[in-house]
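Enquirer:
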Amino acid sequence: MQLSSRTTKRSISWHRPAAVATTAAATLLGLGMASAPASASTYDWSVTCSQVTVDLTGYNVIVVQVVDVTADGKALGPELSFRDEFHKTYTVPSHSKPVSIRLSVKAGSDDGQSIDETKTSPVCGAASPSQTPSSSAPATAAPTPTVSSGTSSDASSPLPSPGTSSASAPPLAETGASGSTPLVAGTAGAVVLAGAALLVVTRRRRTAHR
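Next comes the structure, spelled out in structure tokens:
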């Protein structure tokens with residue numbers, strides 16, 4: 029009985045160091061995971077006239093981060109928690125003037141990025157300054173042509189038609205001769221010549237008969 033008791037005691041004493049070492053290793057592992065830096069956290073968020081988009085990545089998975097988004101101090105939703113990453117789109121209520129959007133991220137450890145930034149949500153349909161048309165100078169009216177009260181010789185007299193002389197030819201001087209005079213004279217001359225020829229022929233015939 030005494031031998032059995034000693035054997036049991038020795039067995040227990042042998043197992044105690046192993047159990048202590050296992051516990052210590054687990055503790056160190058847990059502490060190491062809690063304190064080990066995670067991959068570099070990154071964030072990106074954008075604001076339009078109607079929504080807010082938030083994207084957070086690379087945070088410590090061991091701890092909890094908290095996200096809160098407000099518009100002019102009013103929450104666009106409840107505070108939300110996450111561990112390694114977060115992706116969400118919030119709806120911005122309709123507004124008639126620009127609204128200030130604030131993003132707040134509280135990291136659960138020093139290796140995560142805490143965020144506190146503000147952006148502006150413009151009015152939907154409002155033209156940006158670059159799109160506002162520049163004021164143009166008033167168009168200058170074309171001068172109205174004035175009409176002179178005096179009579180202009182150039183304006184009143186009609187232009188001569190092509191091929192027509194502007195000045196009329198002077199009338200021919202009256203000589204008393206008709207336009208048919210040359211024709212009558214020519215006819216009379218022909219009659220005289222014919223009579224003379226006839227007279228010559230008659231004389232020749234008379235001479236021949238003798």
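In terms of my numbering, the sequence shown opens at residue 29 and continues consecutively.
All C-beta atoms, glycine included, are put in the ideal place defined by N, C-alpha and C.
1. Measure the CB-CB distance between A99 and V82 and report whether it falls below 8 Å.
2. Is the beta carbon of L104 sitting closer than 8 Å to the one on V95?
3. Just tell me which of G223, A154, V89 has its CA closest to the CA of G136.
4. To the nearest whole angstrom, what separates the beta carbons of S78 and T119, a pair I think is in contact under 8 Å?
5. Go ahead and pull the three-state DSSP assignment for R231.
6. So for A165, helix, strand or coil by DSSP?
7. Looking only at C-alpha atoms, which of P121, L226, C152, E113 sits nearest to K102?
8. Applying the criterion that 16 or more other CB atoms from any shown protein chain within 10 Å of the CB defines a buried residue, is V133 buried or exposed?
9. Starting from Y71, follow the beta strand (DSSP E) in both directions and report where the run begins and ends.
10. At the level of alpha carbons, what is the spacing between C152 and V80?
11. Look at the Cβ atom of R130, then the Cβ atom of T146, and state whether they are nearer than 8 Å.
12. Secondary structure at L226, three-state DSSP: helix, strand or coil?
13. What ranges does the beta strand (DSSP E) occupy inside the region 89-135, keeping only unbroken runs of at least 3 residues that lie completely in it?
14. Looking at the structure shown, is V151 part of a helix, part of a strand, or coil, going by DSSP?
15. Hey, could you find the ends of the beta strand (DSSP E) D138 is sitting in?
16. Measuring alpha carbon to alpha carbon, tell me which of L221, Y87, V229, T235 ends up nearest D138.
17. Shortest alpha-carbon distance to I143 belongs to which of S149, A222, Q93?
Expert: In short, the structure shows the following:
1. The residue labelled residue 99 in the question sits at position 71 within the sequence shown. The residue labelled residue 82 in the question sits at position 54 within the sequence shown. Going by C-beta atoms, A99 is not nearer than 8 Å to V82.
2. If you number the sequence shown from 1, residue 104 lands on position 76. If you number the sequence shown from 1, residue 95 lands on position 67. For L104 and V95, no; Cβs fall outside 8 Å.
3. Your numbering for residue 136 matches position 108 in the sequence shown. Measuring from the Cα of G136, the nearest candidate turns out to be V89.
4. What you label residue 78 is simply residue 50 of the sequence shown in a count that begins at 1. What you label residue 119 is simply residue 91 of the sequence shown in a count that begins at 1. Rounded, the Cβ-Cβ distance is 7 Å, consistent with contact.
5. Numbered from 1 along the sequence shown, position 203 holds the residue referred to as residue 231. The DSSP-derived three-state label of R231 is helix.
6. Residue mapping note: residue 165 aligns to position 137 of the sequence shown, counting from 1. Below a pLDDT of 50, predicted positions are generally treated as unreliable, and A165, at 49, falls in that range; the measurement from the model is reported next regardless. When secondary structure is reduced to three states using DSSP, A165 falls in the coil class, being assigned neither helix nor strand.
7. Walking along the sequence shown from the start, residue 102 turns up at place 74. The residue with the shortest Cα to Cα distance from K102 is P121.
8. Locating residue 133 in the sequence shown gives position 105, counting from the first residue. By the 10 Å Cβ count, V133 comes out buried.
9. Within the sequence shown, residue 71 is the residue found at index 43, counting from 1. Segment 70-75, the beta strand (DSSP E) holding Y71.
10. Start at 1 with the first residue of the sequence shown, and residue 152 comes out as number 124. Start at 1 with the first residue of the sequence shown, and residue 80 comes out as number 52. Using only the alpha carbons, I get a separation of about 14 Å.
11. The residue you call residue 130 lines up with position 102 of the sequence shown. The residue you call residue 146 lines up with position 118 of the sequence shown. Their beta carbons are under 8 Å apart, which means R130 touches T146 by this criterion.
12. Within the sequence shown, residue 226 is the residue found at index 198, counting from 1. Three-state result, L226: helix.
13. As far as the region 89-135 is concerned, its whole beta strand (DSSP E) runs of at least 3 residues are 93-99, 108-110, 114-119, 127-134.
14. Position 123 of the sequence shown, counted from the start, is the residue given in the question as residue 151. In the three-state reduction of the DSSP assignment, V151 falls in the coil class.
15. Taking the sequence shown and counting its residues from 1, the one referred to as residue 138 is at position 110. No beta strand (DSSP E) holds D138; DSSP gives it neither H nor E.
16. In the sequence shown, counting from the first residue as 1, residue 138 sits at position 110. Relative to D138, the option among L221, Y87, V229, T235 whose CA is nearest is Y87.
17. As a working note, residue 143 is residue 115 in the sequence shown. Looking at the Cα atoms, Q93 is the closest of the given residues.
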